[in-house]
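Peer 1: Pasting in a structure now, in structure tokens, and then I'll have a few things to ask.
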Amino acid sequence: MKYALLIYEDEAFYGPDKTGSKIEEIVGQHVVFAQELGARRLGGAGLKGTASATTVRTSAGKKTVHDGPFAEAKEQLGGFYLIEAADLDEAIAIAKKVPVPQDGAIEVRPLLGP
Amino acid sequence: MNGSAIERVFRASSGRIVAALVARFRDLTLAEDAFSECCVRAVGAWQVGGVPHDPAAWLYQVAVRVALDALRRQRTRQHMMPDPPPPEPTAEDSMIDDRHIIPDERLRLIFICCHPAVAPDSRAALTLRLICGLTMTEIARALLIEETALAQRLVRAKRTIADAAVSFELPAPEYWAERLEAVLSTLEIAYSKAHEDAAGLTTHAGFAAEMLHLSTMMVGLLPDDGDAHALAALLHYAEARRPARLDSSGMMIPLSLQNPVFWRREFIVKANAFLARAVQLSPESARTLQAKLQACWCERLTLSDPAPWDRVRHIYDELLLVRDDPIVRLNRIVAVAELDGPDAALAELDSLGHKGLEQFGPYHAVHADLLVRAGRLAEARAAYEAVLALDPPPAERRWLADRLAGLPTGQ
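Which chain is which? The protein sequence lines are A and B, in order.
Heads up: the first sequence is residues 1478 to 1591, going by my numbering.
Heads up: the second sequence is residues 2 to 412, going by my numbering.
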């Protein structure tokens, strides 16, 4: 069973543009974590800040391009993992080990399809 | 066998049969549908051919065939083949003994129904539906929701379980504690809903009986788990006191003023046995300590027996070591007031701080009572008004309004 682990946290914690010591530290933790996951990690990435986001919206068939993320929120999607897990319990156990520097949430979502 | 006797057979066997079907077919909806279909067939078949030697075994055999048939139909539909005729129960079905053919998979099913990925309210509803065999109407009434909303909730819960790949096996040891906690807290919350209806005059009383039954079943399925025993003890103590919880006008009577003569001894005896085992297995668990609190009250045989405030405070001290939260502290303060007087209790209450407790009715109720005892009546009046503004349940409201009305005026 494949799951996406979506990492939501307040990107302001990392400072402007997600550069600096805090982001280096967390990236280091993710590298260690990804090694631990081994073959169970199918993919994943950290994301640049929402300031860099562009949104293509379709409304009544018409496409428009907007600056910024699709929705403003207190916590933003900051990165994700794609993992292979036996069942939801294992996926939750892995989600609990995802490095989170302060407050944040990991959403565990099964992938569509086999 | 008449209609209601047949209904009772369905109800009594539904949990085991549905659980065994779920374990075999790994599909909650298929299991539930197959069970309802086999009940429909039973009504017809039993009227003609008489009730089989073991009705549960008959139901299980037929349900398995119905489920297999549904799966076959699904497959043949995909290949554009005509449906095969539905299977008929055979003569042997009437002879089989269910103990040998229905594996007891109820524990597995409870863990599935109460997975933390399922919304807490839906966990209770799903458990009552699949394990206890309650009808949708009964569950909707017990949980105080519309039947249509309940149906949607159950569909959503079953979809979550299938889509997110909740395991159909018992939880692995590393997930056991968290998963069991979700099960026990589901039963606890579901029972407290039934307990709110203090008089037990509505359907809740029957619902409470189901919860007692479930907690007893959990103990049977998990004979070495302390928390399961402690929960069974807690529910049985609470249910024992139900007849004494209200006066004839429907007003709440606090635990220390309840007349033990009205408590149901048979439940207390059972609760004591569950507690004794819980104390052996996990003496320091918060649930065991809470059950011990109930036990000291339930030792009273009449109102003239001394109230066990000393032991109550001592157990709260132990409880604080494993669960230090404002609610435990608040309850401990009630005992402090009895032992050391209202001023000592008020000092402790002040040191609690008010943060997060302003919206908690019992905080204001305890505060009001302490202020009355300390002779600070104007403040007491304000505290009673604060708790009444939080819309307590009817029986509590009566008690509080009565206390407020009894305050001397002109102060």
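Every residue gets a Cβ at the ideal spot worked out from N, C-alpha and C, and that includes glycine.
1) Nearest CA to the CA of R109/B: which residue from V184/B, A396/B, R78/B and E33/B?
2) Would you say L1514/A reaches chain B, if we count a Cβ-Cβ gap shorter than 8 Å as a contact?
3) At a Cβ threshold of 8 Å, is L1483/A touching chain B?
4) With a cut-off of 8 Å on the beta carbons, I'd call F112/B and P172/B a contact; round off their distance for me.
5) Suppose only complete runs of 4+ residues qualify. What are the alpha helix (DSSP H) ranges in the segment 274–339 of chain B, listed by chain order?
6) Using a Cβ-Cβ cut-off of 8 Å, state whether P307/B counts as contacting chain A.
7) Give the C-beta separation of L276/B and K293/B to the nearest angstrom, bearing in mind that I take them to be a contact with Cβ-Cβ under 8 Å.
8) Under three-state DSSP, which class holds Q412/B?
9) Helix, strand or coil: how does DSSP classify F208/B here?
10) Based on Cα-Cα distance, which residue from G1555/A, K1540/A, A1563/A and V1575/A lies nearest to P1546/A?
11) Going residue by residue through the segment 127–215 of chain B, where are the continuous alpha helix (DSSP H) segments of at least 4 residues, counting only ones entirely within it?
12) Determine whether the Cβ of A1570/A lies closer than 8 Å to any Cβ atom of chain B.
13) Could you give the distance in angstroms between the alpha-carbon of V264/B and the alpha-carbon of P224/B?
14) Can P117/B and E179/B be called in contact, C-beta distance under 8 Å?
15) Where does P1587/A fall in DSSP's three states?
16) Pick from Y1491/A, I1560/A and D1564/A: whose alpha carbon is nearest that of E1513/A?
17) By DSSP, does G16/B sit in helix, in strand, or in coil?
18) If A241/B and I269/B are in contact, beta carbons under 8 Å, what's the gap, nearest whole angstrom?
19) Give every residue of the same chain whose Cβ lies closer than 6 Å to the Cβ of G201/B, excluding the five residues on either side of it in the sequence, and list them in chain order.
20) With a threshold of 16 other CB atoms inside 10 Å of the CB of V1542/A, please say whether the residue is buried or exposed.
21) Taking Cβ-Cβ distances below 9 Å as the criterion, which residues of the segment 162–189 of chain B are in contact with chain A?
22) Taking a Cβ distance cut-off of 7 Å, strictly less, list which residues of the segment 1535–1565 of chain A are near chain B, in chain order.
23) Determine the chain A residues that contact A338/B at a beta-carbon separation under 7 Å, and present them in chain order.
Peer 2: To lay it out plainly:
1) V184/B
2) no
3) With 8 Å as the cut-off, L1483/A does not count as an interface residue toward chain B.
4) About 6 Å separates the Cβ atoms of F112/B and P172/B, confirming a contact at the 8 Å cut-off.
5) Qualifying alpha helix (DSSP H) stretches, in chain order: 287–299 and 310–323.
6) Residue-level contact by beta carbon fails for P307/B and chain A, as no gap is shorter than 8 Å.
7) 7 Å
8) In this predicted model, Q412/B has a pLDDT of only 47, less than 50, meaning its place in the structure is not dependable enough to derive any value.
9) helix
10) G1555/A
11) 137–143, 148–164 and 174–197
12) yes
13) Note on residue identity: the sequence assigns Trp, not Val, to residue 264/B. The alpha-carbon atoms of W264/B and P224/B are separated by roughly 27 Å.
14) yes
15) Secondary structure of P1587/A (DSSP, three-state): strand.
16) I1560/A
17) G16/B sits in a helix when the DSSP states are folded into three classes.
18) 5 Å
19) For G201/B, the predicted structure reports a pLDDT of 48, less than 50, and the residue's modelled location is therefore unreliable. A value from the coordinates is still provided. Cβ neighbours of G201/B beyond the five flanking positions: R243.
20) exposed
21) I162, D164, A165, A166, V167, S168, F169, E170, P172, A173, E175, Y176, E179 and R180
22) D1564 and L1565
23) Simply none; closest approach about 39 Å.
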